[in-house]
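Engineer: Residue numbers (the working numbering): -5 to 193. By construction, the Cβ of each residue, glycine as well, lies at the ideal position given by its N, Cα and C atoms. As the structure is a prediction and not an experimental result, all values here were calculated from the model. Sharing a structure, written as structure tokens. Questions coming.
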């Protein structure tokens, strides 16, 4: 099982799984708990140690200024998360619905789980985007999805997120933008809180 920290509200409560971004760790998103509805919180740590207390879910390579990501490595990391969720639920006798979420690289990983129709009750995609390899495939979305992004994001440009979101706009899907960079502002967190109230 992946290294993790967690809070259990109740065995039957919804569990929000949060996956951190590149160069961060499992503690990064755990602090959101105080701004969200009462629910179980499970924060995994990515397996790739990149130093200085930072971790990554998959490698990011560059070629002439272009970001290169191996989609299969992303899917492999997503499967590792899925397996860890199952093990954690069994270990703690937790049986409520699961909502998968993440920030940046963690959001891309959550999107990979959405793509393969992982049986979550919802998805929260914060400051991520759809990989090019995923754009020409069918998305069978059967759970509500909230995607958030900053219009001033220079790490993952807003246009990347928006163009992928347009491919999903006819699904049970909501795309929200904010005047922020590669981070979460108060309005964004409030929208995440509102979205999670339904579970």
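Given that a residue counts as buried once 16 or more other Cβ atoms are within 10 Å of its Cβ, and exposed if not, what is residue 9?
Structural biologist: Label assigned to residue 9: buried.
Engineer: Please report the residue range of the alpha helix (DSSP H) in which residue 158 lies.
Structural biologist: Taken as a continuous stretch (DSSP letters only), the alpha helix (DSSP H) holding residue 158 covers 152 to 160.
Engineer: Taking the alpha helix (DSSP H) that residue 82 falls in, what are its first and last residues?
Structural biologist: It spans 65 to 85 - the alpha helix (DSSP H) in which residue 82 sits, taken as one unbroken run.
Engineer: Using only the alpha-carbon positions, how far apart do residue 96 and residue 52 sit?
Structural biologist: Going from the Cα of residue 96 to the Cα of residue 52 covers about 14 Å.
Engineer: Along the beta strand (DSSP E) that carries residue 103, what are the first and last residues, could you check?
Structural biologist: Careful: residue 103 lies outside any beta strand (DSSP E), inside the alpha helix (DSSP H) at 99 to 109.
Engineer: At which residues does the beta strand (DSSP E) containing residue 44 begin and terminate?
Structural biologist: Note, residue 44: beta strand (DSSP E), 42 to 45.
Engineer: By alpha-carbon positions, which one of 165, 190 and 80 ends up nearest to residue 116?
Structural biologist: Of the listed residues, the one whose Cα sits closest to residue 116 is 190.
Engineer: Does the segment 103 to 119 come within contact of the segment 139 to 146, defined as at least 3 CB pairs closer than 8 Å?
Structural biologist: Result yes; three or more Cβ-Cβ pairs closer than 8 Å.
Engineer: Taking residue 93 and residue 114 to be in contact with their CB atoms under 8 Å, please state how far apart those CB atoms are, rounded to whole angstroms.
Structural biologist: Yes, they are in contact, since the Cβ atoms of residue 93 and residue 114 sit about 6 Å apart, within 8 Å.
Engineer: Expressed to the nearest angstrom, what Euclidean distance is found between the alpha-carbon atoms of residue 81 and residue -5?
Structural biologist: Computed Cα separation, rounded: 7 Å.
Engineer: Taking the alpha-carbon positions, what's the residue 101 to residue 13 distance?
Structural biologist: When rounded, the distance between both Cα atoms is 7 Å.
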